[in-house]
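J.: For the protein sequence lines, the chains are A and B, in the order given.
Residues 0 to 711 in numbering that gives the first Met the number 0 are what the first sequence spells out, letter by letter.
Residues 0 to 251 in numbering that gives the first Met the number 0 are what the second sequence spells out, letter by letter.
For every residue, glycine included, the Cβ atom is placed at its ideal position computed from N, Cα and C.
In this text, all values refer to a predicted model and were calculated from it rather than measured experimentally.
Quick one: the structure is below, and I'll ask about it shortly.
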Amino acid sequence: MSSSAHLSLARTMRLALKELREILRDRRTITTLVLMPLLLYPLLGVMVKRGLLSSLESTGATAFRVVVESAEAIEQLSRQLEEGESLLPQESVDDSGNPLAELAAAAGEKQPALKIYQLEDGVPLETVVRSRQADIGVRLTASDQKGAGNGPSFQWMLVHRDNSQLSDNARSYIVRRLEAVNEQYVLDTLTEHSIDLHLPAVITERTIAVETKQQSPFITFVPLVLVLMTMTGAVYPAIDLTAGERERGTMEILIAAPISRMTLLAGKFLAVLVVALLTACVNMLAMIATLFTLGLDGAVLGGNALRLMPLVVLMTVVFAGFFSAVLLSITSVARSFKEAQAYLIPLMLISLTPGVFSLMPDLQMGPLLAITPLVNIVLAGRDLLQGDFNLLMFGIVILSTACYGVLALTLAARVFGSDSVLYGSSSSWTALLKSPDERLATAAPATAMLALAIVFPLFLVVGAIPSRLGQMFALSLPQVLLLNIFVFLIVFVAVPLLIIRLSNVSLSSALSLNTRVPFAALVAALLFGISLWPVLYELNLVVGIASRAESLQRMLETLVDDLEKTPLIIKLTALAFAPALCEELFFRGFLQTSLRQRYSATSTIAATAILFGLFHIVVRDSLFLERMIPSTLMGIILGIMLERSGSVLPGMLLHAVHNGLLLCVVHYKTQLEQLGIGLEQRSHLPPIWLAGGIGLAILGGLILWRTRPVSS
Amino acid sequence: MSIIQVRQISKRFSSAEGEDVIAVDRVSFSVVSGEVFGLLGPNGAGKTTTLRMMLGLLQPSSGDASIDGCSVAVEPDQVKRLVGFVSTSVGVYQWLTPREMLAFVADLYEVPPALCEERTEQLAKLLDFESYIDRRCGVLSTGQKQRINLARALIHDPPVMLLDEPTRGLDIVGSQVIFEYIQHLRNNGKAVVICTHRLDEAERFGDRFGLMHHGAIRLVGTLEQLQETTEQQGLTDIFIQLMKADAQESQV
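This is the structure we're talking about:
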């Protein structure tokens, strides 16, 4: 194995630094990176503010325009309204939760207020109201300055439009104040005549401020704007570092050097990612600064937005990573800047479509949308900003996006610097899709990553099918369990087998299906299989968050009755043997064997174990992060097992014994309870069990440590 | 013992019309250390394709090439370490200085930084680019860029050099730099293969020549051997005779 085959992190970083140095010295990048956001956001901010203020005006949140026909009417109406205002109880509603009210207050419009105008002579009041020049007209139809009782009396006719919220609000405003004046008059008159007032129904009001879900339509634009601006930042460097290299003639320098294409692409990817993130950061800062300066932060982002910023940043990192990889995969195909731009324009247009999804408030994030590229990110961004997101969906979005990124990058590495791109030979294009002529011993790491990128979303989609079918056709648990076996076979066996076939790789060596297994490895596998479950059980108790564990338990409780009735052989086949066979074939056999040819044993085992752990945190429709640690630990042991034995078979034995034993314990729990061992109450195991488990595990570890693969 | 060995190497392409085109047809030759081998022929003869296959940039359809015993098909990375490659089609990084560019390429070949600095100074003296070693490559003239490229190919001190049309687009001064460079390579015991269609120039620097036409090597030998075989004086005359013979053959 040549040293250049290693994907050295330090070397990748040095490559990325060189690329960054080149990119950042180019003034065109700086223009896109800094000047665009600085110009764009203040302009957008001003437009948004105008839009918000006009929407406030349309509901009368700022000031009502009232027309009257005479100076006397102005004087008397103003006086009576002022009097009414002073009589109305002072509302103690806290408007701080209402961003629109805050915005209006900041704009100097103490809401609501009246502006009373006198009509010009000869202009009918009705015409002015109908033509929307005024929100309401008030006609003084009769006045009695002396008044029959305590003071003068006036008759007002209110002229307002039907089907107009604004006009109706103005009417209510005036009526409420004039009625207050009338009520006060009645009260004074009754008091004057010494009539004790006992109303049959006494009403008092109390308004409670309720925090409502942010309804600002502008918030849905934020993810879209971020997506577009991140893309803008990444496009130029992605083209420059791929098609640009080809055009300038520097690609030959790279391809003639003893360095793997994946390392080259990884360096380029890091550089594009950094620029994309820098662009996103500058944009976010410019956006936030603009919103604060214009006092729009509350109205556009809502109260929770700033607290959710870390998650928004995480989303941006994932998106930038995804998009950088996709851009590189597309621009790697291009032979010139012009060609790359031609390829990217459709992509940019396609990227706008998911943006439209984010503008649809009724569109809810579901499993399918959570794995739909781009749409999932925009929707997750929208939900995050609205403070309304589901952790499971969020996790699926992040993981599926990461998978698509890896897929794009492996494709880019395959195309970058190939004959067809470097010298434009058409024959090589078809060769890219053909399986290699020479039979290979193991699949290339890039091929394994491709398989992983396919398997993960497939696992999420196909994995949900058995329980769905179970609900739809009222299937029994054994039937659902048997369907689960097919899922395992499709996801973890069929996909890698197909890829191995297409890559012309020898099946037995690609999957480490070595039948010459050291006897000591089988003994160690058996010992681990017997001993690990008490250790992992206790670990689960330690790391498991009680409430989450309970929800998992509740979820499983619904199955417990059915599970008890299911024959043990079906349970063992579906939940012990099938996972042992299929997961070991994929994770250890395929992934680990393939990655091991390029990376060290430690990093390969760690990476495979983490991936194994990640697959185990998805349980039905929930995300159980606490399962990550025990599953990863199990993955590490299974990984070492393969490394030491040279075969996937001992791992399968370990996995099957471990799962099988757990199932047997649950199946025979009544008998165990009779022996005084209860496992349902989440109580700790008897110390002797734990000590025995640890002891056997150590013995297994010692045996494994001394085991070496059987030399061929 | 030949450090470069090319054995029956061929390359076939499919044309746009779907026809099978043989770009290189069973080409074989070998070069020893300290020897300059000129691979000569008109445009489209298959010289550059042969060179690219020797370096592993293109996969041969059949045959093999080896450098210092390493097969390009089996140990492509090892072959790349042993070869320096110069071509006028190879560009420079516009936004890096020559010093930065040489450091970057040295890193690709895993040359330690201290050794890289030492070699950069030596090459800057040899190729006379000390005055602009810290200027951005984008502002350099064509000749200056060519010097940087010549230095770039030598930064990892390979025993084998492949030069593809090294004087194309260069003026007299630029071409003279190339001739001196080739002399330097010969003096330092490098095995050199130069592809060119400039037969007059080739006579000046080549020790041995392989004349290519229609993808195949038609004649191999020193100038004296070729003169003896063809009874012609210069390489140009030899080649014209070769093409005439080919034309007559195809008519028959």
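1) Between the Cα of L277/A and those of H666/A, L19/A, G700/A, spot the shortest distance and give me the residue it belongs to.
2) List, in order along the chain, the chain A residues whose C-beta lies closer than 8 Å to that of V159/B?
3) Measuring CA to CA, which of S27/B, V71/B, T48/B is closest to V20/B?
4) Pick from V226/A, V504/A, E74/A, A520/A: whose alpha carbon is nearest that of I349/A?
5) Apply the 10 Å Cβ neighbour rule to L126/B and answer buried if 16 or more other Cβ atoms are within range, or exposed otherwise.
6) Are at least three pairs of beta-carbons, each pair with one atom in the region 77 to 84 of chain B and one in the region 250 to 269 of chain A, less than 8 Å apart?
7) So is L351/A buried or exposed if we call it buried at 16+ other beta carbons inside 10 Å?
8) Can you name the residues of chain A whose CB is closer than 7 Å to the CB of F128/B?
9) Please report the distance separating the alpha-carbon of R712/A from that of Q250/B.
10) Looking only at its own chain, which residues have a Cβ that is under 6 Å from the Cβ of A608/A, when we skip the five neighbours before and after it?
11) In terms of residue numbering, what span does the alpha helix (DSSP H) encompassing F220/A cover?
12) Using only alpha-carbon positions, find the residue among M230/A, Q596/A, M286/A that is nearest to I344/A.
13) Would you mind giving the Cβ-Cβ distance between R170/A and L189/A, rounded to the nearest angstrom? I have them listed as a contact below 8 Å.
14) Consult DSSP for M156/A and reduce its assignment to one of helix, strand or coil.
15) Does any residue of chain A bring its CB to less than 8 Å from the CB of Q93/B?
16) Give me, in chain order, the residues of the same chain whose beta-carbon lies closer than 6 Å to that of L256/B; leave out the 5 immediate sequence neighbours on both sides.
17) Considering only DSSP beta bridges, list what H196/B is partnered with.
18) Do you know offhand how far E716/A's Cα is from M35/A's?
19) Report yes if the C-beta distance between I499/A and A573/A is below 8 Å; otherwise report no.
20) Is DSSP giving R11/B helix, strand or coil here?
21) If we cut at 8 Å on Cβ distances, does M0/A have a partner in chain B?
22) If I'm right that L594/A touches P444/A with Cβ under 8 Å, what's the distance once you round it to whole angstroms?
23) Confirm, please, whether the CB-CB distance from A233/A to F322/A is below 8 Å.
24) Quick one: measure Cβ to Cβ for P517/A and S644/A, integer angstroms, because I've assumed they're closer than 8 Å.
25) Helix, strand or coil: which one does DSSP assign to H212/B?
26) Please confirm if K79/B has its CB atom under 8 Å from at least one CB of chain A.
27) What are the start and end residues of the beta strand (DSSP E) that includes F36/B?
28) Can you tell me whether V201/A is buried or exposed? The criterion is at least 16 other CB atoms within 10 Å of its CB, across all chains shown.
29) At 9 Å on the CB atoms, spell out the chain A contacts of S86/B, in chain order.
30) What residues in the region 29 to 45 of chain B have a beta carbon less than 8 Å from any beta carbon of chain A?
31) Touch check for the region 161 to 175 of chain B and the region 129 to 138 of chain B: three-plus C-beta pairs under 8 Å?
32) In this structure, what does DSSP give as the bridge partners for R757/A?
33) Cβ of Q182/B within 7 Å of any heavy atom in the ligand GTP?
34) Express the C-alpha separation of N658/A and E74/B in angstroms, rounding to a whole number.
35) Looking only at DSSP bridge pairs, what is K114/A linked to?
36) With a CB to CB cut of under 7 Å and the five nearest residues on each side skipped, what residues in its chain are close to L410/A?
T.: Here's the rundown:
1) For the purposes of this step, residue 277/A is taken as residue 278 along the first sequence, with counting starting at 1. Ranking H666/A, L19/A, G700/A by Cα distance to L277/A puts L19/A first.
2) Here residue 159/B corresponds to residue number 160 of the second sequence, with the count starting at 1. Per Cβ cutoff of 8 Å: no residues; V159/B is ~12 Å from chain A at best.
3) Locating residue 20/B in the second sequence gives position 21, where the first residue counts as 1. Ranking the options by Cα distance to V20/B, first place goes to T48/B.
4) Here residue 349/A corresponds to residue number 350 of the first sequence, with the count starting at 1. Taking each of V226/A, V504/A, E74/A, A520/A in turn and checking the Cα distance to I349/A, the smallest one comes out for V226/A.
5) Sequence index remark: in the second sequence, residue 126/B carries index 127 (1-based). Its Cβ being crowded by 16 or more others within 10 Å, L126/B is buried.
6) Taking 8 Å as the limit for Cβ pairs, the verdict is that the region 250 to 269 of chain A does touch the region 77 to 84 of chain B.
7) Walking along the first sequence from the start, residue 351/A turns up at place 352. With fewer than 16 other Cβ atoms from the protein chains shown falling within 10 Å of its own Cβ, L351/A counts as exposed.
8) As a working note, residue 128/B is residue 129 in the second sequence. Ordered by position in chain A, no residue passes the 7 Å Cβ test against F128/B, which lies about 17 Å from the chain.
9) A question about residue 712/A goes unanswered here, because the residues of chain A that appear run from 0 up to 711.
10) As a working note, residue 608/A is residue 609 in the first sequence. Excluding its 5 nearest sequence neighbours in each direction, A608/A has C-beta neighbours in its own chain below 6 Å: T631, G634, I635, G638, listed in chain order.
11) Residue mapping note: residue 220/A aligns to position 221 of the first sequence, counting from 1. 220 to 240 is the extent of the alpha helix (DSSP H) around F220/A.
12) Reading the first sequence from its first residue, position 345 is the one you call residue 344/A. For I344/A, the nearest C-alpha among the options comes from M230/A.
13) For this step, residue 170/A is matched to residue 171 along the first sequence. For this step, residue 189/A is matched to residue 190 along the first sequence. Going by Cβ atoms, the distance from R170/A to L189/A rounds to 28 Å, so no, they are not a contact pair.
14) Here residue 156/A refers to the residue found at position 157 of the first sequence. In the three-state DSSP reduction, M156/A falls in the strand class (E or B).
15) For the purposes of this step, residue 93/B is taken as residue 94 along the second sequence, with counting starting at 1. So yes, Q93/B belongs to the interface.
16) Residue 256/B lies beyond the residue range present for chain B, which begins at 0 and ends at 251; the question has no answer from this structure.
17) As a working note, residue 196/B is residue 197 in the second sequence. DSSP, once it has assigned bridges, lists no residue as partnering H196/B.
18) Nothing about residue 716/A can be read from this structure; chain A reaches only from 0 to 711.
19) As a first step, residue 499/A is located in the first sequence; it is residue number 500 there, counting from the start. As a first step, residue 573/A is located in the first sequence; it is residue number 574 there, counting from the start. Cβ distance not < 8 Å, so I499/A and A573/A don't count as in contact.
20) The sequence position of residue 11/B within the second sequence is 12, counting from 1. In the structure shown, R11/B falls within a strand segment according to DSSP collapsed to helix, strand and coil.
21) As a first step, residue 0/A is located in the first sequence; it is residue number 1 there, counting from the start. Note that M0/A has pLDDT 37, beneath the 50 cutoff, so the model's placement of it is unreliable and no number is given.
22) As a first step, residue 594/A must be located in the first sequence, where it is residue number 595. As a first step, residue 444/A must be located in the first sequence, where it is residue number 445. At roughly 5 Å, the Cβ-Cβ gap stays under 8 Å, so L594/A and P444/A are in contact.
23) For this step, residue 322/A is matched to residue 323 along the first sequence. For this step, residue 233/A is matched to residue 234 along the first sequence. In contact: F322/A and A233/A (Cβ atoms closer than 8 Å).
24) Locating residue 517/A in the first sequence gives position 518, counting from the first residue. Locating residue 644/A in the first sequence gives position 645, counting from the first residue. At roughly 6 Å, the Cβ-Cβ gap stays under 8 Å, so P517/A and S644/A are in contact.
25) To locate residue 212/B, count along the second sequence from 1; it is residue 213. In the three-state reduction of the DSSP assignment, H212/B falls in the strand class, which pools E and B.
26) Here residue 79/B is taken as the residue at index 80 of the second sequence, counted from 1. Taking a beta-carbon distance threshold of 8 Å, K79/B counts as an interface residue toward chain A.
27) The residue you call residue 36/B lines up with position 37 of the second sequence. Unbroken beta strand (DSSP E) run through F36/B: 35 to 39.
28) Residue 201/A sits at position 202 when you count from the first residue of the first sequence. By the 10 Å Cβ count, V201/A comes out exposed.
29) Residue mapping note: residue 86/B aligns to position 87 of the second sequence, counting from 1. Result: G248, E251.
30) Listed in chain order, the positions of the region 29 to 45 of chain B with a beta carbon within less than 8 Å of a beta carbon of chain A would be empty, since no residue qualifies.
31) Because the criterion of three Cβ pairs below 8 Å is not met, the region 161 to 175 of chain B and the region 129 to 138 of chain B do not touch.
32) Residue 757/A lies beyond the range of chain A shown here (0 to 711); nothing can be said about it.
33) Looking at this structure, you won't find the ligand GTP or any other ligand, since it has none at all.
34) Position 75 of the second sequence, counting from 1, holds the residue named residue 74/B. Position 659 of the first sequence, counting from 1, holds the residue named residue 658/A. Answer to the nearest angstrom: the Cα atoms are 45 Å apart.
35) Position 115 of the first sequence, counted from the first residue, corresponds to residue 114/A. According to DSSP, K114/A bridges with R64/A.
36) Counted from its first residue, the first sequence places residue 410/A at position 411. S328, listed in sequence order.
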